[in-house]
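Q: In the numbering used here, the protein residues as written are 1436 to 1829.
Here a beta-carbon is modelled for each residue, glycine too, at the ideal position from N, C-alpha and C.
Given the structure is predicted, the values throughout are model-derived calculations rather than measurements.
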Ligand SMILES: Cc1cc2nc3c(=O)[nH]c(=O)nc-3n(C[C@H](O)[C@H](O)[C@H](O)COP(=O)(O)OP(=O)(O)OC[C@H]3O[C@@H](n4cnc5c(N)ncnc54)[C@H](O)[C@@H]3O)c2cc1C
C-alpha cells in the first residue's frame, strides 16, 4: 500500500497554530473502504467495555457500511449513514482517538483501516457539496428546553431536541460556544471555524445560543425552570486536579486548560497580538502529566517558542507492542507518541517525557517566581481496593 504522510512536517507546522492534516487521495480512501470489506466480524462499530476500557466506536458508527459506501463512491449515502449515529463527524474526525481503528480486525496483524480518515472525507465532502444544510423541524411541539453548557454534549442534546420540534436555548457562560472544543482543544487539532460553521447551521435550524450567561449566577435555576419546560445540564467537568506540593503558590504555575484557553482566546480575538496569552516563550517548561492534555500543552509551548519542554509522567513507559495481558480488540495500552511529542523530538532532539516521576517541591526565586522543581521517583503499585495501578513514592 502507498505510504502517504498525512501530516505536515513537525518543524514546519510548529510555525503556526493551524491544522496540519493533509487529506489523502480519493484512491486511497476507496482502497481503505475495500480493505474494510475484507473483514469477517467487525468489532469497530460496537462500543463495548472490555477489561475496563472502551473498545470500538462508542457512538456505534456504522463503520463497515460507511466504508463500503466510500469504496463505491456513494458519498451522499455515506454522509447520511454516518450522521445516523454521529451529530458532529467534523469534530470526531479531527479529535476522536479512533477506537474503531484500535478494534479494527486488520489491526490484529497489520495497519487498521483508515476509518477516521474516511470519516473526514465523508463529512468535508458533504459540506463542500452543500449537503450539510439547515433542516429545521417541520412541526414545532410548543415545548421549550434550556440546555446549560455548549460543549459537545450540550450541542448534541440541543440538536436532537430541536429535531424533535422543541424550541431550544443553549446557555453558555463563556464568551464563545463550544466548551472544551473551543478553548481546551488547541486550534491546530480543531480549527475553531469548524465549530462556527456548525453553529451557524444550528442557529438557522432554530436553536438560540446565549453566551456570557453563567447559570446559577446571572440566571437562577428557579428562573430557568419557570421559563422552560425542561432543562438539560451539560456543564462538563471543569474542576482541575491540583498538585499538593510545597511551593505550589509560586508564580508561573498554571492549570492546563487555563493555559490552553488563554492561547486560543488570544488567537481568536487578535491573532495572538493582544499579548493576553500565557506565554512560554524562552521559558523552560515542565508539563506535569503525560497524557493527551499534557501533549497539547507541549505542542502549544513549542509553538510559542519555549526554550525547553519536559513532560512528567507518573506511570512507567508503556511497551511499544501489545502485551499478552492486553490482546486485541482491547484498547491498546501501548506507547503513543502524539503530535506535540513528535514536535519536541524534532526541535530538541529527544522525547520530552520522563516516566515514573512527579514534582515533590516547587522552588521559588526571591520574587516568588518558579525557578526549579524537585522531582521524586515513583514506583507503580496495584491498588488492592480498586485493582487499578497507582504510583507510590519510591
Ligand atoms: C486540553 C484538552 C484536550 C482534549 N482533547 C480531546 C481530544 O483530542 N479528543 C477527545 O475526544 N476529547 C478531548 N478532550 C476531552 C473533551 O474535550 C471533553 O470530553 C468534552 O469536551 C466534554 O464535553 P462536555 O460537553 O461534557 O463538556 P465541556 O466541553 O466541558 O462543555 C461544558 C460547557 O458548559 C459550560 N458551563 C458549565 N457550567 C455552566 C453554567 N453554570 N452556566 C453556563 N454554562 C456553563 C462550560 O463553560 C462549558 O463550555 C480534551 C480535553 C481537554 C481539556
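Indicate the three-state DSSP secondary structure (helix, strand or coil) for residue 1608 in the structure shown.
A: coil
Q: Between the alpha carbons of residue 1687 and residue 1454, how many angstroms are there, rounded?
A: If I take the Cα positions, the gap works out to 28 Å.
Q: Please classify residue 1544 as buried or exposed, where buried requires at least 16 other C-beta atoms within 10 Å of its C-beta.
A: exposed
Q: Would you say residue 1537 touches ligand 1, meaning its beta carbon is less than 8 Å from a heavy atom?
A: Every heavy atom of ligand 1 is 8 Å or more from the Cβ of residue 1537, so no.
Q: Counting beta carbon pairs with one atom in the region 1540-1557 and one in the region 1574-1592, are three or more of them shorter than 8 Å?
A: no
Q: Assign residue 1760 to buried or exposed, taking buried as 16 or more other Cβ atoms, counted over all protein chains shown, within 10 Å of its Cβ.
A: exposed
Q: Determine contact between the region 1624-1641 and the region 1676-1690, defined as no fewer than three beta-carbon pairs at a distance below 8 Å.
A: no
Q: I need the DSSP call for residue 1466, collapsed to helix, strand or coil.
A: helix
Q: Heavy atom of ligand 1 less than 8 Å from the Cβ of residue 1702, yes or no?
A: no
Q: By Cβ distance below 6 Å, which residues in the same chain neighbour residue 1690 in space, the five residues on each side in sequence not counted?
A: 1675
Q: Under three-state DSSP, which class holds residue 1560?
A: In the three-state DSSP reduction, residue 1560 falls in the helix class (H, G or I).
Q: Over what stretch of residues does the alpha helix (DSSP H) that includes residue 1815 continue unbroken?
A: Per DSSP, residue 1815 belongs to no alpha helix (DSSP H); it is in the beta strand (DSSP E), 1805-1817.
Q: Along the chain, where does the beta strand (DSSP E) containing residue 1826 start, and where does it finish?
A: Where residue 1826 is concerned, the enclosing beta strand (DSSP E) stretches over 1824-1828.
Q: Would residue 1465 and residue 1505 be called neighbours here (beta carbons separated by less than 9 Å)?
A: yes
Q: Taking 8 Å as the cut-off, does the CB of residue 1609 come closer than this to any heavy atom belonging to ligand 1?
A: Residue side-chain check: residue 1609 places its Cβ nearer than 8 Å to a non-hydrogen atom of ligand 1.
Q: Contact between the region 1519-1534 and the region 1490-1498 is defined here as three or more beta-carbon pairs at a separation below 8 Å; is this criterion met?
A: yes
Q: Between the Cα of residue 1750 and the Cα atoms of 1665, 1510 and 1828, which residue gives the shortest distance?
A: Checked all of 1665, 1510 and 1828; the closest Cα to residue 1750 is 1828.
Q: Rounded to a whole number of angstroms, what is the C-alpha to C-alpha distance between residue 1665 and residue 1525?
A: 29 Å
Q: Quick one: grab the DSSP three-state call for residue 1456.
A: strand
Q: Whole angstroms is fine: what's the gap from residue 1613's alpha carbon to residue 1659's?
A: 21 Å
Q: With a threshold of 16 other CB atoms inside 10 Å of the CB of residue 1731, please say whether the residue is buried or exposed.
A: buried
Q: Please specify which runs of the alpha helix (DSSP H), each continuous and at least 4 residues long, are wholly inside the region 1590-1660, giving them in chain order.
A: 1615-1618 and 1627-1639
Q: Apart from the five residues on each side of it in sequence, which residues of its chain come closer than 6 Å, Cβ to Cβ, to residue 1764?
A: 1478, 1490 and 1538
Q: From what residue to what residue does the alpha helix (DSSP H) around residue 1776 run?
A: 1774-1783
Q: Going along the chain, which residues of its own chain have a beta-carbon closer than 6 Å to the beta-carbon of residue 1728, five neighbours each way excluded?
A: Once the five neighbours on either side are set aside, the close Cβ partners of residue 1728 are 1691.
Q: Figure out for me which residue from 1737, 1724, 1733 and 1767 has the closest Cα to the Cα of residue 1748.
A: 1724
Q: Return yes when at least one heavy atom of ligand 1 lies under 8 Å from the C-beta of residue 1660, else no.
A: no
Q: Closer than 8 Å to a non-hydrogen atom of ligand 1 - does that hold for the CB of residue 1650?
A: Judged by the Cβ position, residue 1650 qualifies as a neighbour of ligand 1 at the 8 Å threshold, a heavy atom of the ligand being closer than this.
Q: Please state the DSSP three-state secondary structure of residue 1668.
A: strand
Q: Just the Cα atoms here: how many angstroms apart are residue 1654 and residue 1609?
A: Cα-Cα distance, rounded: 14 Å.
Q: CA-CA distance, residue 1596 and residue 1602?
A: 8 Å
Q: Starting from residue 1703 and walking both ways along the alpha helix (DSSP H), at which residues does that stretch end?
A: 1691-1705
Q: Residues in the same chain with beta-carbon distance under 6 Å from residue 1485, minus the five sequence neighbours each way, listed in chain order, please.
A: For residue 1485, where only same-chain residues beyond five positions count, the Cβ hits under 6 Å are 1765.
Q: Measure the C-alpha to C-alpha separation of residue 1443 and residue 1449 and round it to an integer number of angstroms.
A: 10 Å
Q: Going by DSSP in three states, residue 1688 sits in which element: helix, strand or coil?
A: coil
Q: What number of angstroms, rounded off, separates the C-alpha of residue 1584 from the C-alpha of residue 1634?
A: The alpha-carbon atoms of residue 1584 and residue 1634 are separated by roughly 14 Å.
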